[in-house]
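Residue numbers (UniProt numbering): 1 to 421.
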């Protein structure tokens, strides 16, 4: 029965992709859209199979734990529908609904798993609880995220469609981690749609559909990755200012982030509950209590500007340079290591052979947003596996501009031929 459901829903989604205007008007052919979908399905299946492999070794991975919890919640839905829905609002913490951005002892922190599990339980009513049929729904429902990134970059680099396609869809870690049944998939969807609608709002006008989508995307991020909103909002503000200013975008972003840095450290003196440095310290402490094979030593962070400043080089090096060969202990870390150094090689090639020109405000956004996120991850996370997963979310924002502004010899010859005709 599961095989039949899989085939039927696969055919349905492949057909629907041809009917949805967002995909039909993306600049991709129908075949290309379907290829992207099938790649996401394949990556999602691989994600689940890897989980089975580790489960057989006695290590239950997050995606299968969520799946089993979804099955339990489905049983509760049939037994007591009222409890199923009201259970989400139950709060056992003495401080109530406080500690909004905290990573421990917080109803908000628990919400990202609890809501995800409830959604899986509802989805199981359609798929009869078959994991790999659920993969199809996730691949289809989150397709708009990477397609949105493609649409942005295709407008910025209209003559480099192949490069944009590779950057938006084929970065291995991004494809893998955002295609599985886990919170990274809806986060990638939300981020892609926020950026696309913000881009279109700046270029066109702020239509209601753009504003509503941005708000919905921010709410989705607040539920599943609330710290991303803290990083995203100043980047969006700087992008908006840069798009409406004749000042160089990098200068606009530099000034905006200098002000943001002051607010990050000083807001706690005006609003004690918004102690952002202490929240980062607590998040690091939470990771220090975990145990895993990819754990690496990390300096202990203090809630002071000096501690953050002195730890910044270490934090960035973790995300930019690791895992390195000495970190490899299994095939996943090996693949992540290879990807890391292929991308570093791409950056070195870009330094030697890139096209000049004015920096687009969106490219400045990609740079500042990605590196701020890298800093946040490097400050708080001390597991290589988690770092690889978290950083994958923004790799297309860095890789696509690099690929799209490379000066390729055959492109140069083609340009000279056209010029001489």
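For each residue, glycine too, the CB sits at the ideal point set by N, CA and C.
Suppose the cutoff is 7 Å on Cβ atoms and the five residues either side in sequence are ignored; what does the same chain contact list for residue 160 look like?
The residue labelled residue 160 in the question sits at position 160 within the chain shown. The residues are 404.
Taking 8 Å as the limit between beta carbons, can you name the residues of its chain near residue 188, skipping five residues before and five after?
Against the chain shown, residue 188 aligns to sequence position 188. Excluding sequence neighbours, residue 188 sits near 142, 145, 146, 174, 178 and 393.
If you draw a straight line from the C-alpha of residue 254 to the C-alpha of residue 375, how long is it?
Locating residue 254 in the chain shown gives position 254, counting from the first residue. Locating residue 375 in the chain shown gives position 375, counting from the first residue. Cα to Cα, residue 254 sits roughly 16 Å from residue 375.
Would you give the residue range spanned by the alpha helix (DSSP H) that residue 371 belongs to?
Position 371 of the chain shown, counting from 1, holds the residue named residue 371. Residue 371 -> alpha helix (DSSP H) spans 361-380.
Compare the C-alpha of residue 32 against each of 303, 343, 164 and 276 and name the closest.
Counted from its first residue, the chain shown places residue 32 at position 32. Residue 164 is the option with its Cα nearest to residue 32.
To the nearest angstrom, how far is it from the Cα of residue 17 to the Cα of residue 185?
Here the question's residue 17 lines up with position 17 in the chain shown. Here the question's residue 185 lines up with position 185 in the chain shown. About 18 Å.
For residue 245, does the count of other Cβ atoms within 10 angstroms reach 16, so buried, or fall short, so exposed?
What you label residue 245 is simply residue 245 of the chain shown in a count that begins at 1. With fewer than 16 other Cβ atoms within 10 Å, it is exposed.
From residue 56 to residue 50, what distance separates their C-alpha atoms?
Numbered from 1 along the chain shown, position 56 holds the residue referred to as residue 56. Numbered from 1 along the chain shown, position 50 holds the residue referred to as residue 50. For residue 56 and residue 50, the distance between alpha carbons rounds to 10 Å.
Alpha carbon to alpha carbon, how far is residue 191 from residue 34? Give it in angstroms, no decimals.
By one-based count along the chain shown, residue 34 stands at place 34. By one-based count along the chain shown, residue 191 stands at place 191. Roughly 22 Å separates the two Cα atoms.
Spatial neighbours of residue 420 within its chain, please: C-beta separation below 8 Å, excluding the five flanking residues on both sides.
Translated into the one-based positions of the chain shown, residue 420 becomes position 420. Low confidence applies to residue 420: its pLDDT is 44, below 50, so where it sits in the model is not reliable, and the reading given next is rough at best. Taken in chain order, the list of residues that qualify is empty.
Compute the Euclidean distance between the alpha carbons of residue 333 and residue 323, then round it to the nearest angstrom.
Residue mapping note: residue 333 aligns to position 333 of the chain shown, counting from 1. Residue mapping note: residue 323 aligns to position 323 of the chain shown, counting from 1. If I take the Cα positions, the gap works out to 7 Å.
What does the Cβ neighbour count give for residue 85, buried or exposed, with the cut at 16 atoms within 10 Å?
In the chain shown, the residue the question calls residue 85 occupies position 85. Residue 85 comes out exposed.
So what does residue 406 bridge to, in DSSP terms?
Looking up residue 406 in the chain shown gives position 406. Beta-bridge pairing links residue 406 to 354.
Indicate whether the contact test is met: 3 or more Cβ pairs, each with one atom in the stretch 238-252 and one in the stretch 359-373, closer than 8 Å.
Contact between the stretch 238-252 and the stretch 359-373 is present, because at least three Cβ pairs lie under 8 Å.
With H, G and I counted as helix, E and B as strand and the rest as coil, what does DSSP make of residue 392?
Numbered from its first residue, the chain shown carries residue 392 at position 392. Residue 392 falls in the helix class under three-state DSSP.
So, helix, strand or coil for residue 418, using DSSP?
Locating residue 418 in the chain shown gives position 418, counting from the first residue. For residue 418, the pLDDT reaches just 44, beneath the cut-off of 50, and the residue's location in the model is therefore unreliable, leaving the point undetermined.
In terms of residues, what are the limits of the alpha helix (DSSP H) holding residue 154?
As a first step, residue 154 must be located in the chain shown, where it is residue number 154. Looking at the DSSP string, the run of the alpha helix (DSSP H) that includes residue 154 is 144-156.
Using alpha carbons as the reference points, say which of 133, 63, 248 and 166 lies closest to residue 8.
The residue you call residue 8 lines up with position 8 of the chain shown. Cα-wise, what sits closest to residue 8 is 133.
Tell me where the alpha helix (DSSP H) around residue 62 begins and ends.
Position 62 of the chain shown, counted from the first residue, corresponds to residue 62. Taken as a continuous stretch (DSSP letters only), the alpha helix (DSSP H) holding residue 62 covers 62-79.
For the putative contact between residue 372 and residue 231, defined by C-beta atoms under 8 Å, what is the C-beta separation to the nearest angstrom?
The sequence position of residue 372 within the chain shown is 372, counting from 1. The sequence position of residue 231 within the chain shown is 231, counting from 1. That pair is a contact at about 5 Å.
Pick from 166, 106, 75 and 92: whose alpha carbon is nearest that of residue 121?
Within the chain shown, numbered from 1, the residue matching residue 121 stands at position 121. That would be 75, whose Cα lies nearest to the Cα of residue 121.
Could you tell me the distance, in whole angstroms, from the CA atom of residue 272 to the CA atom of residue 316?
Locating residue 272 in the chain shown gives position 272, where the first residue counts as 1. Locating residue 316 in the chain shown gives position 316, where the first residue counts as 1. Taking the straight line joining both Cα atoms gives about 28 Å.
For the alpha helix (DSSP H) containing residue 196, name the first residue and the last one.
By one-based count along the chain shown, residue 196 stands at place 196. Element bounds for residue 196: 184-203.
Using only the alpha-carbon positions, how far apart do residue 220 and residue 314 sit?
In the chain shown, the residue the question calls residue 220 occupies position 220. In the chain shown, the residue the question calls residue 314 occupies position 314. Cα to Cα, the separation comes out at about 31 Å.
Check whether the Cβ atoms of residue 301 and residue 281 lie closer than 8 Å to each other.
Here residue 301 refers to the residue found at position 301 of the chain shown. Here residue 281 refers to the residue found at position 281 of the chain shown. Going by C-beta atoms, residue 301 is nearer than 8 Å to residue 281.
Suppose contacts are defined by Cβ-Cβ distances below 8 Å. Is residue 70 in contact with residue 124 by that definition?
Locating residue 70 in the chain shown gives position 70, where the first residue counts as 1. Locating residue 124 in the chain shown gives position 124, where the first residue counts as 1. Contact: yes.
On the DSSP letters alone, give me the boundaries of the alpha helix (DSSP H) that residue 114 sits inside.
Taking the chain shown and counting its residues from 1, one reaches residue 114 at position 114. Per DSSP, residue 114 belongs to the alpha helix (DSSP H) from 107-127.
CB-CB under 6 Å to residue 389, same chain, minus the five flanking residues each way: which ones, in chain order?
As a working mapping, residue 389 is identified with position 389 in the chain shown. Around residue 389: 177.
Below 8 Å on the Cβ atoms is my guess for residue 148 versus residue 218; work out the distance and round it to an integer in Å.
Here residue 148 refers to the residue found at position 148 when the chain shown is read from its first residue. Here residue 218 refers to the residue found at position 218 when the chain shown is read from its first residue. That pair is no contact at about 15 Å.
One question on the structure: do residue 369 and residue 235 come within less than 8 Å of each other, judged by their Cβ atoms?
For the purposes of this step, residue 369 is identified with residue 369 of the chain shown, where counting begins at 1. For the purposes of this step, residue 235 is identified with residue 235 of the chain shown, where counting begins at 1. Yes, they are a contact pair.
Could you pull out every residue in the same chain whose Cβ sits closer than 7 Å to the Cβ of residue 422, ignoring the five residues on either side in sequence?
The shown model of the chain, from 1 to 421, leaves out residue 422, and the question about it has no answer.
Taking the CB atoms as reference points, tell me whether residue 129 and residue 396 lie closer together than 8 Å.
Here residue 129 refers to the residue found at position 129 when the chain shown is read from its first residue. Here residue 396 refers to the residue found at position 396 when the chain shown is read from its first residue. In this structure, residue 396 does not lie closer than 8 Å to residue 129 by Cβ.
Enumerate in chain order the residues of its own chain whose CB-to-CB distance from residue 6 is below 8 Å, with the five nearest sequence positions on each side excluded.
Residue 6 sits at position 6 when you count from the first residue of the chain shown. Hits under 8 Å: 130, 132, 133 and 136.
Keeping to the same chain, check which residues put their C-beta closer than 6 Å to that of residue 365; ignore five residues upstream and five downstream.
Position 365 of the chain shown, counting from 1, holds the residue named residue 365. Once the five neighbours on either side are set aside, the close Cβ partners of residue 365 are 235 and 239.
Cα separation between residue 346 and residue 367?
As a working note, residue 346 is residue 346 in the chain shown. As a working note, residue 367 is residue 367 in the chain shown. Going by the C-alpha atoms only, they are around 16 Å apart.
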